[in-house]
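What follows is a set of notes on a single structure, which appears directly below.
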Amino acid sequence: MVYQIKTIGNNIDQKGLSELGDQFAIDQVTEEKAHAFLCRAQNFHTYKFSENLLAIGRAGAGFNNIPVEQCSSQGIVVFNAPGGNANAVKELVLAMMIFGSRNLKPANKWLSEQLGSDQAIDLAVEKGKKAFSGSEIAGKTIGIIGLGNIGSRVANDAEKLGMKVIGYDPYIAVERAWEISSHVKRVTQLSDIFEQADYITIHTPLTKETRGMYGAENFAKMKKGVVVLNFARDEITDKDAVLEYINNGTIQHFATDFGSEKFYHQDAIFVTPHLGGSTAEASLNCTRMAANSLKRYLMTGEIINSVNFPRVVQELNSPYRITLINKNVPNVVANIAALVSEQSINIANIVNRGQGEFAYTLLDLDESNADKIDALVDQFKANENIVRVRVIQR
Ligand SMILES: NC(=O)C1=CN([C@@H]2O[C@H](COP(=O)(O)OP(=O)(O)OC[C@H]3O[C@@H](n4cnc5c(N)ncnc54)[C@H](O)[C@@H]3O)[C@@H](O)[C@H]2O)C=CC1
Ligand SMILES: O=C(O)CCC(=O)C(=O)O
Numbered sequence: 001m002v003y004q005i006k007t008i009g010n011n012i013d014q015k016g017l018s019e020l021g022d023q024f025a026i027d028q029v030t031e032e033k034a035h036a037f038l039c040r041a042q043n044f045h046t047y048k049f050s051e052n053l054l055a056i057g058r059a060g061a062g063f064n065n066i067p068v069e070q071c072s073s074q075g076i077v078v079f080n081a082p083g084g085n086a087n088a089v090k091e092l093v094l095a096m097m098i099f100g101s102r103n104l105k106p107a108n109k110w111l112s113e114q115l116g117s118d119q120a121i122d123l124a125v126e127k128g129k130k131a132f133s134g135s136e137i138a139g140k141t142i143g144i145i146g147l148g149n150i151g152s153r154v155a156n157d158a159e160k161l162g163m164k165v166i167g168y169d170p171y172i173a174v175e176r177a178w179e180i181s182s183h184v185k186r187v188t189q190l191s192d193i194f195e196q197a198d199y200i201t202i203h204t205p206l207t208k209e210t211r212g213m214y215g216a217e218n219f220a221k222m223k224k225g226v227v228v229l230n231f232a233r234d235e236i237t238d239k240d241a242v243l244e245y246i247n248n249g250t251i252q253h254f255a256t257d258f259g260s261e262k263f264y265h266q267d268a269i270f271v272t273p274h275l276g277g278s279t280a281e282a283s284l285n286c287t288r289m290a291a292n293s294l295k296r297y298l299m300t301g302e303i304i305n306s307v308n309f310p311r312v313v314q315e316l317n318s319p320y321r322i323t324l325i326n327k328n329v330p331n332v333v334a335n336i337a338a339l340v341s342e343q344s345i346n347i348a349n350i351v352n353r354g355q356g357e358f359a360y361t362l363l364d365l366d367e368s369n370a371d372k373i374d375a376l377v378d379q380f381k382a383n384e385n386i387v388r389v390r391v392i393q394r
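Structure, rendered in structure tokens:
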């Protein structure tokens, strides 16, 4: 079987796809006929997914561009690439902190307005540069909201640059907690970040809690002269609040990865066009990770790095594996087992893991008779609690 992958958008790293191998064809069919999409930040919220679509690989971290609940209910497994671009974002964030505190944007603008001979410019520079004198990050306090793949890296490197680091993350993963330097102080109140930090950066997904977190209520707690950064998601920022707190002298510099006309022509604001994860290394990492997850899922039914289904890793040693995406309701597993038993098939292995409203069931069968497998599949397809049935032959 050849699996059809459709890349959506034009910036998927082709080298990262080359490892997929002969059983995968890239961009050979229409979106309608594809088994899987591989995408970056394209918005899928208005998409109508075809019944042929089994999976979406997001070559990046954030997945708010994908209607995940809709995917679950249609039996589409969504994968992302956790940590694949974290170093890229971290480097840009550290650069932007220094860029802001050294007033490089207004300084560069002022310099480009100085005309004449190099000697004349030099004279003007020595006279005028004091207006752009900045401050150093060493010894200052950075407050980090979200200590995941990106936030933990920012925390560790900021500490190495001599900063005092405080972090807020009520949902921190155990693996991340182990990776963070013991010098990073965890705070349990979000207000501690806004009250204590000279630099504030956010590295969370966009959620109900984080939408508008950069807004007047939190900004009112900040110190004067703070540098604020948002390289997470646009909707975290209330733009009018940013302008208000720049105008009242609280925010010295605001750096963001998300463009808005409100932010253009503002000396204290520096906007990058969603470049956080845009490095050659990150693109390759993320494409590789997403492509490998798709490959594994399509060929073996195993799930790793999915955002809507649990991790399921199980070696296939039987002639047939049937994978089911089913509603996470009582008795489904018993019903599945009963249907298998009706066909006089022996179950070699069964794994059932739920996540929210749906569950993933992996059924390895001690049966080589294709007709019996087909009859069982028909039964599964007719079951109202089962939304997706796949057969994988060893
Ligand atoms: N500008 C860009 O190009 C990029 C932006 N991003 C954005 O950055 C976000 C974070 O990326 P990663 O660190 O890779 O994700 P991650 O999933 O490794 O870390 C996110 C962290 O945020 C924490 N969190 C969730 N809700 C929170 C809350 N209300 N308060 C405090 N902490 C909270 C989680 O516990 C987790 O530790 C992504 O979701 C994405 O939106 C990610 C990569 C590139
Ligand atoms: O460049 C991209 O693909 C977007 C990166 C991003 O925002 C993410 O990975 O969440």
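Quick note, the sequence shown lines up with residues 1 to 394 if you use UniProt numbering.
Where is the CB? At the ideal position from N, CA and C, for every residue including glycine.
Since this is a predicted model, take the numbers as computed values, not measurements.
Contacts around residue i, its chain only, beta-carbon distance under 7 angstroms, and the 5 residues preceding and following it disregarded
i	result
P67	F44 and H45
V93	V154, T201, L229 and F231
V313	E302 and I304
G9	C39, R40 and Q42
A138	L161, G162 and M163
F254	V228, V242, I246, A268 and I269
L147	A155, G167, D169, I172, R176 and I180
A107	F132
D13	S283, L284 and T287
Per-residue DSSP class, three states only, for residue i
i	result
Q379	helix
N230	strand
A280	helix
F44	coil
V389	strand
I269	strand
I180	coil
T207	coil
T361	strand
N11	coil
M222	coil
R394	coil
V174	helix
L20	helix
T30	coil
S260	coil
residue 402	Any answer about residue 402 is impossible in this case: the structure gives the chain only from 1 up to 394.
Opening and closing residue of the beta strand (DSSP E) in which residue i lies
i	result
F254	I251 to T256
A348	N346 to Q355
I26	F24 to I26
Paired residues, beta bridge with residue i - DSSP
i	result
G167	I144 and R186
D366	N346
K6	F37
Y199	I142 and V227
Y214	T237
Contact test: residue i Cβ vs ligand 3 heavy atom, cutoff 7 angstroms
i	result
F263	Of the ligands this structure carries, namely ligand 1 and ligand 2, none is ligand 3.
Residue range of the alpha helix (DSSP H) that includes residue i
i	result
A241	K239 to N247
Same chain only: Cβ atoms within 6 angstroms of residue i, ignoring 5 sequence neighbours per side
i	result
Y168	I145, V187, L190 and I193
T279	A88
A282	N85 and A88
P310	R353 and Q355
C286	A59, G60, A81, G84 and N85
T323	G301, L362 and R390
G100	V227, H253 and A255
V333	N352
Sequence-distant residues of the same chain with beta carbon closer than 8 angstroms to residue i, five excluded per side
i	result
A241	Y214, G215, A216 and F219
F49	Q70, C71, Q74 and I76
K90	I150, R153, V154 and D157
L316	T300, G301, D364, I392 and R394
A25	V2, Y3, Q4 and I5
K372	Q343, S344 and I345
* **3-residue-minimum beta strand (DSSP E) runs that sit fully inside the segment 47–86, ordered along the chain** => Runs of the beta strand (DSSP E) lying entirely within the segment 47–86, each at least 3 residues long, are 55–58 and 77–79 in chain order.
* Quick one: complete beta strand (DSSP E) runs, 3+ long, within the segment 293–345? -> Taking only runs of at least 3 residues, the beta strand (DSSP E) segments lying wholly in the segment 293–345 are 320–327.
* Which whole runs of the beta strand (DSSP E) in the segment 83–161 are 3 residues long or more, in chain order? -> Entirely contained in the segment 83–161, the beta strand (DSSP E) runs reaching 3 residues are, in chain order, 141–145.
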